[in-house]
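Count along the sequence shown from 1, add 3, and you get the number used in the numbering used here. Note that beta-carbon positions come from the ideal geometry of N, C-alpha and C, so glycine has one too. See below for the structure under consideration.
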Amino acid sequence: MILPLALLASGFALWRIGRRLQFFLHIHQLEGYKRSGFLRWVGARPFDAWLRLSHLLGAVLLAVHWLGGLPVWALLLLWAACFASSRRYRRDRPKKPLAMTPRMTREAVTAGLLALLLPAVTLSLLQTGFWSAWLTGLLAADLLAPGLVLGGATLMAPVEAYIREGFKRQARRKLASRPDLRIVAITGSYGKTSVKFAVAEVLAQRYQVLATPGSFNTPMGICKVINNDLKPHHQVLVLEMGIRHPGDIAELCAIARPHVAVITGIGIAHLETMGSQDAIAREKGSLLDFLLPGGSAVLNADDPYYEAFASKTRHLAVSTGGTSADLVASEVDYGAEGTRFTVRADDEVVPVTMRLLGRHNVGNALLALAVGRQMGIRLRAGARALSRQDPVPHRLALREEGGLLVLDDAFNSNPVGARNAVEVLGAFAPRTRFVITPGMVELGDREYEENRAFGAAMHGHVDHAILVGPARTVAISEGLRDAGMPAERIHVVGTLFEARELLASLASSGDVVLYENDLPDQYTEA
4 MILPLALLAS
14 GFALWRIGRR
24 LQFFLHIHQL
34 EGYKRSGFLR
44 WVGARPFDAW
54 LRLSHLLGAV
64 LLAVHWLGGL
74 PVWALLLLWA
84 ACFASSRRYR
94 RDRPKKPLAM
104 TPRMTREAVT
114 AGLLALLLPA
124 VTLSLLQTGF
134 WSAWLTGLLA
144 ADLLAPGLVL
154 GGATLMAPVE
164 AYIREGFKRQ
174 ARRKLASRPD
184 LRIVAITGSY
194 GKTSVKFAVA
204 EVLAQRYQVL
214 ATPGSFNTPM
224 GICKVINNDL
234 KPHHQVLVLE
244 MGIRHPGDIA
254 ELCAIARPHV
264 AVITGIGIAH
274 LETMGSQDAI
284 AREKGSLLDF
294 LLPGGSAVLN
304 ADDPYYEAFA
314 SKTRHLAVST
324 GGTSADLVAS
334 EVDYGAEGTR
344 FTVRADDEVV
354 PVTMRLLGRH
364 NVGNALLALA
374 VGRQMGIRLR
384 AGARALSRQD
394 PVPHRLALRE
404 EGGLLVLDDA
414 FNSNPVGARN
424 AVEVLGAFAP
434 RTRFVITPGM
444 VELGDREYEE
454 NRAFGAAMHG
464 HVDHAILVGP
474 ARTVAISEGL
484 RDAGMPAERI
494 HVVGTLFEAR
504 ELLASLASSG
514 DVVLYENDLP
524 DQYTEA
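Below, the structure is given as structure tokens:
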């Protein structure tokens with residue numbers, strides 16, 4: 004009788020340990036394999052990450068058994084019941100599933116071996132009987148799953164650093180063999196991806212251009228593109244450079260130094276990891292320090308940090324509201340069909356018509372036209388290129404889906420872009436307008452204030468607000484109510500999937516919905 008119960012209890016416990024390890028490995032991957040980010044996530048959820056009711060019950064069962072109040076067969080039976088469920092650690096519909104990359108496979112194997120080591124240790128150290136010592140080790144492995152993931156990552160860190168450095172060396176060698184290749188690097192708190200695709204569109208009028216796909220803006224993402232996709236016929240490489248921590252720009256520029264540097268503007272995205280807006284500006288602005296000899300910049304003259312950046316290097320400045328910049332936009336008109344404006348550069352005045360939505364795309368277009376101008380492309384040719392540009396996926400892209408018009412801004416997560424998006428949504432009146440959003444994250448001590456302001460900015464542009472995450476969206480709800488939004492038009496749900504189900508019950512054919520930001524799985528409220 005004991006052996007079948009032991010196998011049942013051990014099977015359930017090992018299954019749950021595996022599920023917990025998989026769950027926390029996924030979180031580690033979503034945090035970009037940054038141990039600091041993983042620790043912040045775990046530290047913010049101690050009772051979710053570390054201590055569950057099953058752990059307390061398991062400890063009580065072991066204690067009662069040790070005191071002689073529970074026979075082995077009862078311990079095993081109750082243990083199986085305690086650890087039968089792993090529901091909390093399964094994501095039925097993850098937005099971004101765990102990717103078993105070579106790196107993740109190495110980390111998973113290491114964490115799994117550490118988990119198996121704990122029962123072996125308790126069996127050798129405890130003199131409480133085989134099964135109770137075995138179950139103590141399984142309890143420790145289950146309880147310490149986040150620590151095992153962190154321990155595995157720490158043990159593998161030297162190996163991963165060696166592998167990463169190999170990819171970087173390969174990329175540097177390839178670029179060194181291409182002295183003819185021109186490199187454009189783009190950074191900023193917002194608009195990087197949109198500007199990157201606009202720059203590629205403009206430069207394609209004269210050059211063979213390779214741009215990093217999607218939001219590839221990390222060292223390994225850039226190395227992958229250089230090592231795998233850069234071909235001899237390419238004349239220009241357009242790179243997006245993102246930051247989350249001090250020193251990120253230096254790491255990226257150690258791989259590829261630019262001939263042209265673009266800074267879209269400085270906001271408060273990643274304030275949580277950077278500490279202050281000035282620190283963000285210093286980090287983004289350091290891109291100018293890595294310009295190759297003879298290189299130049301394109302800067303946003305409307306940005307408050309413009310003067311500090313302008314003093315560093317020769318540049319072209321763009322403005323959507325000023326008069327003294329090198330490229331200035333005027334007569335801006337935008338709506339549900341697209342955006343029109345006039346650009347002036349020296350004595351040249353050119354009308355621009357784009358299918359892209361929103362006032363912010365005027366600034367993005369100016370930056371792209373300025374890069375083209377620095378690389379010998381006439382303003383009118385650049386304007387023609389922009390008129391053909393398709394919307395960037397998930398960045399205020401308009402599509403029809405199930406009879407609804409969908410404004411997909413799921414990859415935007417900054418206050419400037421969020422306000423621009425609801426302003427665009429407002430232009431779709433008299434259609435009924437919905438917004439689905441979880442708000443914004445990584446804004447440090449400004450997060451509550453910015454989300455509240457975001458809620459207030461929705462009023463007048465939105466007919467129904469569907470907020471994802473009861474705890475996370477409190478500030479948005481406050482902003483909406485304070486601005487006068489009727490309570491019956493503010494809906495709060497737990498997940499994006501629930502939001503879509505609610506939308507289906509509220510919306511009619513021809514209505515329009517804005518998906519504003521789609522937080523990754525680690526931000527899902529349990």
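Given a cut-off of 8 Å, decide if Arg455 and Gly482 are closer than it, judged by their beta-carbon atoms. By one-based count along the sequence shown, residue 482 stands at place 479. By one-based count along the sequence shown, residue 455 stands at place 452. Contact: yes.
With distances taken between CB atoms, is the gap from Ala320 to Tyr309 smaller than 8 Å? Position 317 of the sequence shown, counting from 1, holds the residue named residue 320. Position 306 of the sequence shown, counting from 1, holds the residue named residue 309. For Ala320 and Tyr309, yes; Cβs fall inside 8 Å.
Going along the chain, which unbroken runs of the alpha helix (DSSP H) with 4 or more residues stay wholly within the stretch 226-282? 251-256 and 274-277
Within 10 angstroms of its Cβ, does Thr113 collect 16 or more other Cβ (buried), or is it exposed? Numbered from 1 along the sequence shown, position 110 holds the residue referred to as residue 113. The residue in question, Thr113, is buried, as its Cβ has 16 or more Cβ neighbours within 10 Å.
Can you list, in chain order, the residues of its chain with a C-beta nearer than 6 Å to that of Arg402? Leave out the 5 residues immediately preceding and following it. Translated into the one-based positions of the sequence shown, residue 402 becomes position 399. So the list reads Val409, once near-sequence residues are dropped.
Would Pro535 be called buried (16 or more neighbouring beta carbons within 10 Å of its own) or exposed? Because the chain in this structure spans residues 4 to 529, residue 535 falls outside the shown range and cannot be described.
Quick check on this structure: which residue in Gly217, Ala188, Gly270 and Tyr36 has the alpha carbon closest to the alpha carbon of Phe414? In the sequence shown, the residue the question calls residue 414 occupies position 411. With distances taken between Cα atoms, Phe414 lies closest to Gly217.
So, for Arg111: in the same chain, excluding its five sequence neighbours on each side, which residues have a beta-carbon less than 6 Å away from its beta-carbon? Locating residue 111 in the sequence shown gives position 108, counting from the first residue. Contrary to the premise, residue 111 reads as Ala rather than Arg in this sequence. Counting only Cβ-Cβ distances below 6 Å, and skipping sequence neighbours, we find Leu28.
Stretch-stretch touch, CB-based, cutoff 8 Å, three pairs: the stretch 449-466 with the stretch 221-231: no
Sorted by chain position, which residues of the same chain lie with C-beta nearer than 8 Å to Thr125's C-beta, five sequence neighbours on each side aside? Position 122 of the sequence shown holds residue 125. Ala136, Trp137, Thr139, Gly140 and Ala143.
Can you have a look at Phe133 and say buried or exposed, based on whether 16 or more other CB atoms are within 10 angstroms of its CB? Here residue 133 corresponds to residue number 130 of the sequence shown, with the count starting at 1. Phe133 comes out exposed.
Mind checking which residues open and close the alpha helix (DSSP H) that includes Ile166? For this step, residue 166 is matched to residue 163 along the sequence shown. Run containing Ile166: Ala148 to Ala179, per the alpha helix (DSSP H) assignment.
Output the distance between the C-alpha atoms of Ala339 and Gly324, rounded to the nearest integer angstrom. In the sequence shown, counting from the first residue as 1, residue 339 sits at position 336. In the sequence shown, counting from the first residue as 1, residue 324 sits at position 321. For Ala339 and Gly324, the distance between alpha carbons rounds to 22 Å.
Apart from the five residues on each side of it in sequence, which residues of its chain come closer than 8 Å, Cβ to Cβ, to Tyr526? Walking along the sequence shown from the start, residue 526 turns up at place 523. Because Tyr526 carries a pLDDT of 49, less than 50, the predicted location of this residue cannot be relied on, and the following value inherits that uncertainty. Around Tyr526: Pro441, Val444, Gly472 and Arg475.
Member of Ala328, Val205, Ile30 and Phe312 whose CA lies at the smallest distance from the CA of Asp393: Here residue 393 is taken as the residue at index 390 of the sequence shown, counted from 1. When each option's Cα is compared against that of Asp393, the closest is Val205.
Grouping DSSP H, G and I as helix and E and B as strand, with all else coil, what is Gly338? Indexing the sequence shown from 1 puts residue 338 at position 335. It is a strand residue.
Test item: CB-CB of Val239 and Val212 under 8 Å: Translated into positions along the sequence shown, residue 239 becomes position 236. Translated into positions along the sequence shown, residue 212 becomes position 209. Yes. Within cutoff.
For a quick check, are the C-beta atoms of Arg358 and Tyr337 less than 8 Å apart? What you label residue 358 is simply residue 355 of the sequence shown in a count that begins at 1. What you label residue 337 is simply residue 334 of the sequence shown in a count that begins at 1. For Arg358 and Tyr337, no; Cβs fall outside 8 Å.
Exposure label - Glu519; buried when at least 16 CB within 10 Å: Here the question's residue 519 lines up with position 516 in the sequence shown. When all chains shown are included, Glu519 counts as buried.
Straight-line Cα distance separating Thr157 from Ala253: Counted from its first residue, the sequence shown places residue 253 at position 250. Counted from its first residue, the sequence shown places residue 157 at position 154. Taking the straight line from one Cα to the other gives about 23 Å.
Excluding the 5 residues preceding and the 5 following Glu34 in the sequence, name in chain order all residues of the same chain whose CB lies nearer than 7 Å to its CB. Counting from one through the sequence shown, the residue named residue 34 turns up at place 31. Excluding positions up to five away in sequence, the list reads Gly40, Phe41, Trp44 and Gln525.
Endpoints, the beta strand (DSSP E) within which Thr190 is located: Here the question's residue 190 lines up with position 187 in the sequence shown. First-last of the beta strand (DSSP E) with Thr190: Arg185 to Thr190.
Which listed residue (Val465, Leu128 and Arg387) has its alpha carbon closest to that of Asn423: Against the sequence shown, residue 423 aligns to sequence position 420. Of the listed residues, the one whose Cα sits closest to Asn423 is Val465.
Classify Arg347 as helix, strand or coil using the three-state DSSP reduction. If you number the sequence shown from 1, residue 347 lands on position 344. It is a strand residue.
Ordered along the chain, which non-local residues of its own chain (more than five positions away) have a Cβ less than 6 Å from that of Ala478? The sequence position of residue 478 within the sequence shown is 475, counting from 1. Taken in chain order, the residues that qualify are Tyr451, Asn454 and Arg455.
Ala201 to Ala368, Cα distance in whole Å? One-based indexing of the sequence shown puts residue 201 at position 198. One-based indexing of the sequence shown puts residue 368 at position 365. The alpha-carbon atoms of Ala201 and Ala368 are separated by roughly 7 Å.
Nearest candidate by alpha-carbon position, reference Gly385, set Leu372, Ile189 and Ile30: Counted from its first residue, the sequence shown places residue 385 at position 382. Ranking the options by Cα distance to Gly385, first place goes to Leu372.
Limits of the unbroken alpha helix (DSSP H) element including Asp411: The residue given as residue 411 occupies position 408 in the sequence shown. Per DSSP, Asp411 belongs to no alpha helix (DSSP H); it is in the beta strand (DSSP E), Leu407 to Asp412.
Apart from the five residues on each side of it in sequence, which residues of its chain come closer than 6 Å, Cβ to Cβ, to Arg209? For this step, residue 209 is matched to residue 206 along the sequence shown. Excluding positions up to five away in sequence, the list reads Ile380.
May I ask you to report which of helix, strand or coil DSSP gives Ser218? Numbered from its first residue, the sequence shown carries residue 218 at position 215. DSSP places Ser218 in coil when its eight states are reduced to three.
To the nearest whole angstrom, what separates the beta carbons of Leu178 and Ala259, a pair I think is in contact under 8 Å? To locate residue 178, count along the sequence shown from 1; it is residue 175. To locate residue 259, count along the sequence shown from 1; it is residue 256. Correct: roughly 6 Å between the Cβ atoms.
Taking C-alpha atoms, which residue in His494, Asp448, Leu505 and Val516 lies nearest to Thr276? Working through the sequence shown from its first residue, we reach residue 276 at position 273. Looking at the Cα atoms, Asp448 is the closest of the given residues.
Where Thr326 and Arg387 are concerned, what is the direct C-alpha to C-alpha distance, given to the nearest angstrom? Here residue 326 refers to the residue found at position 323 of the sequence shown. Here residue 387 refers to the residue found at position 384 of the sequence shown. Near 24 Å, if we compare the C-alpha coordinates of Arg387 and Thr326.
Please determine, among Ala264, Ser511, Val516 and Ala311, the residue with the shortest C-alpha to C-alpha distance to Met461. Residue mapping note: residue 461 aligns to position 458 of the sequence shown, counting from 1. It is Val516.
What residues in its chain sit with their C-beta under 6 Å from that of Ala264, if we drop five residues either side in the sequence? For the purposes of this step, residue 264 is taken as residue 261 along the sequence shown, with counting starting at 1. Ala188, Leu290, Leu291, Leu294 and Ala300.
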